[in-house]
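Student:
In this note's numbering, the protein residues as written are 7 to 428.
1) Determine the burial state of residue 104: buried for a count of at least 16 other Cβ atoms within 10 Å of its Cβ, exposed for fewer.
2) Would you mind stating whether residue 48 and residue 82 have Cβ atoms separated by less than 8 Å?
3) Residue 388: which of 268, 170, 209 and 325 sits nearest, CA to CA?
4) Have a look at residue 116 and residue 410 and give me their C-alpha separation to the nearest angstrom.
5) State the start and end residues of the unbroken beta strand (DSSP E) segment that holds residue 324.
6) Suppose you measure from the CA of residue 98 to the CA of residue 404; what does that come to, to the nearest Å?
7) What residue range is occupied by the uninterrupted beta strand (DSSP E) comprising residue 412?
8) What residue does the beta strand (DSSP E) around residue 152 start on, and which one ends it?
9) What's the gap between the Cα of residue 59 and the Cα of residue 72?
10) In or out: residue 110 buried (at least 16 other Cβ within 10 Å) or exposed?
11) Kindly list the residues whose CB is nearer than 6 Å to the CB of residue 55, restricted to its own chain and excluding five residues on each side of it in sequence; keep chain order.
12) DSSP three-state call for residue 124: helix, strand or coil?
13) Can you list the beta strand (DSSP E) stretches of 3 or more residues lying completely in the segment 22-69, in chain order?
14) Which value, in whole angstroms, describes the spacing of the CA atoms of residue 106 and residue 43?
15) My output table needs one value for residue 392: the three-state DSSP class, helix, strand or coil.
16) How about residue 361 and residue 236: do their beta carbons lie closer than 8 Å?
17) With a threshold of 6 Å on Cβ separation, who are the neighbours of residue 262 within its own chain once the five nearest residues in sequence on each side are excluded?
18) Would you say residue 206 and residue 127 are within 8 Å of each other, going by their C-beta atoms?
19) Starting from residue 238, trace the beta strand (DSSP E) in both directions and tell me its first and last residue.
20) Between residue 12 and residue 242, what straight-line distance do the alpha-carbon atoms span, to the nearest angstrom?
21) Can you give, in chain order, each stretch of the beta strand (DSSP E) that sits fully within the segment 73-142 and has at least 3 residues?
22) Just how far apart, CA to CA, sit residue 406 and residue 92?
23) Pairs of beta-carbons, one from the segment 246-265 and one from the segment 278-291, closer than 8 Å: are there three or more?
24) Tell me which residue opens and which closes the beta strand (DSSP E) that residue 307 is part of.
25) Cα separation between residue 315 and residue 31?
26) Tell me whether residue 261 sits in a helix, a strand or coil according to DSSP, three-state version.
27) What do you get for residue 131, buried or exposed, if any count of 16 or more other CB atoms within 10 angstroms of its CB means buried?
28) Use the C-beta contact count for residue 95: other C-beta atoms within 10 angstroms, 16 or more gives buried, fewer gives exposed.
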């Protein structure tokens, strides 16, 4: 190990103490200043992003990867606005979530405190640099940011905005440290620093998540792939179901909350599938399905078991016609990734059964999978969507980046009074 990352982590760890001791007003001013810096330095950020995009095109990055990498004035403005939403949220630190007076006079409190130092490991999304920093800092944590090499110029430009904001409010720049050297050996070094890092959050493709999970000696919350399903029940409203399908698959196919598989009850398939498949084909969606689905359109190619496990992040959709709700749930249990599941139905009992029997971090009843997003769920920006079944499950906002500890207030009580006797 070179020690490069350890030195950065030591500085960030020291900065985390200043963050934890800061008051809510200062941290709110910090996030507001970060948003203002992004606005003021937008030309520099977009120029850096153009450099990354040019390099990405030359390297043959996929359209989905280029879409995740791309910034434009509207996207950059949306990032700044998301930061302002985070700034406006209540300060989570010091919140007492439980208070109890014990018979012996002790007051027992559960109080929200920062995690400490968080390592964020991600790929080609430069917006994560701003979002993750804002959320971690708002929650009183320092953050180590290790983005992908595809976005290195964009990440440097955004990090410069973060550092300017930290200086403006008198907090150490190391509180938001960008690991500029993106060599994989440095990721490995990062994951060994159990004495410095309190939590690692990987956000990216399946290979990155697996690498982090296999090599980490620090706690990890995984943001795994999104194999998201829409189940069209026999009691679905066909128009509503079609809207959910088109929005979920085609509005932005390269994101983790896009639909990857359509499951259709056999009773509604004759009325629903021909129109749905035609609408998807018109929008350039490649279709892969079971034999029963292929019977409804020549455009449907045979699907393999691997297709049903795939997060395409592209205009590709897997299809299966199922006999009933139980069959749909069995398919999801076998192939799902605990991300997002959707049911289209007018049958309240079917909807509740679907909600109870799916494990995913978000379950949508007659609503698009695309709503499994921190901003859409009222969290402001999100650090990612956790598929690890721990305290943070689903979109992670500010509160998910804190922990609760006990604070006990007494007046000299001891547990064994007899111990005071000579």
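Beta carbons: idealized from backbone N, C-alpha and C, even for Gly.
Tutor: Straight from the coordinates:
1) On the chain shown, residue 104 is found 98 positions in, with the first residue counted as 1. With fewer than 16 other Cβ atoms within 10 Å, it is exposed.
2) The residue given as residue 48 occupies position 42 in the chain shown. The residue given as residue 82 occupies position 76 in the chain shown. Yes, the Cβ-Cβ distance between residue 48 and residue 82 is below 8 Å.
3) Locating residue 388 in the chain shown gives position 382, counting from the first residue. 209 is the residue among 268, 170, 209 and 325 whose C-alpha sits nearest the C-alpha of residue 388.
4) Counting from one through the chain shown, the residue named residue 116 turns up at place 110. Counting from one through the chain shown, the residue named residue 410 turns up at place 404. Going by the C-alpha atoms only, they are around 6 Å apart.
5) As a position in the chain shown, residue 324 is number 318, starting the count at 1. Note, residue 324: beta strand (DSSP E), 322-328.
6) Counting from one through the chain shown, the residue named residue 98 turns up at place 92. Counting from one through the chain shown, the residue named residue 404 turns up at place 398. When rounded, the distance between both Cα atoms is 7 Å.
7) Taking the chain shown and counting its residues from 1, the one referred to as residue 412 is at position 406. Segment 408-415, the beta strand (DSSP E) holding residue 412.
8) The residue labelled residue 152 in the question sits at position 146 within the chain shown. Counting along the chain, the beta strand (DSSP E) containing residue 152 begins and ends at 148-152.
9) As a first step, residue 59 is located in the chain shown; it is residue number 53 there, counting from the start. As a first step, residue 72 is located in the chain shown; it is residue number 66 there, counting from the start. Taking the straight line joining both Cα atoms gives about 7 Å.
10) Mapped onto the chain shown, residue 110 falls at position 104. Classification of residue 110: exposed, given that the 10 Å Cβ count is below 16.
11) For this step, residue 55 is matched to residue 49 along the chain shown. The answer, listed in chain order, is 77 and 160.
12) Locating residue 124 in the chain shown gives position 118, where the first residue counts as 1. Strand, per DSSP.
13) none
14) Along the chain shown, one-based indexing puts residue 106 at 100. Along the chain shown, one-based indexing puts residue 43 at 37. Near 44 Å, if we compare the C-alpha coordinates of residue 43 and residue 106.
15) Locating residue 392 in the chain shown gives position 386, counting from the first residue. Here residue 392 sits in strand by DSSP.
16) Along the chain shown, one-based indexing puts residue 361 at 355. Along the chain shown, one-based indexing puts residue 236 at 230. It is not a contact, given that the beta carbons lie outside the stated cut-off.
17) Walking along the chain shown from the start, residue 262 turns up at place 256. Taking C-beta separations shorter than 6 Å and ignoring five residues to either side along the sequence, the partners of residue 262 in its chain run 232, following chain order.
18) Numbered from its first residue, the chain shown carries residue 206 at position 200. Numbered from its first residue, the chain shown carries residue 127 at position 121. Yes, these two residues count as a Cβ contact at 8 Å.
19) Counted from its first residue, the chain shown places residue 238 at position 232. If you look at residue 238, you'll find it in the beta strand (DSSP E) that goes 234-238.
20) Position 6 of the chain shown holds residue 12. Position 236 of the chain shown holds residue 242. If you take the alpha carbons of residue 12 and residue 242, they lie about 55 Å apart.
21) 102-107, 113-120 and 123-128
22) As a working mapping, residue 406 is identified with position 400 in the chain shown. As a working mapping, residue 92 is identified with position 86 in the chain shown. Cα-Cα distance, rounded: 13 Å.
23) yes
24) For the purposes of this step, residue 307 is taken as the residue at position 301 of the chain shown. That run of the beta strand (DSSP E) goes 306-308.
25) Walking along the chain shown from the start, residue 315 turns up at place 309. Walking along the chain shown from the start, residue 31 turns up at place 25. Each residue's Cα considered, the two are about 46 Å apart.
26) For the purposes of this step, residue 261 is taken as the residue at position 255 of the chain shown. Three-state result, residue 261: coil.
27) Counted from its first residue, the chain shown places residue 131 at position 125. Answer is buried; the Cβ neighbour count reaches 16.
28) Reading the chain shown from its first residue, position 89 is the one you call residue 95. Within a 10 Å sphere around the beta-carbon of residue 95 sit 16 or more other beta-carbons, which makes this residue buried.
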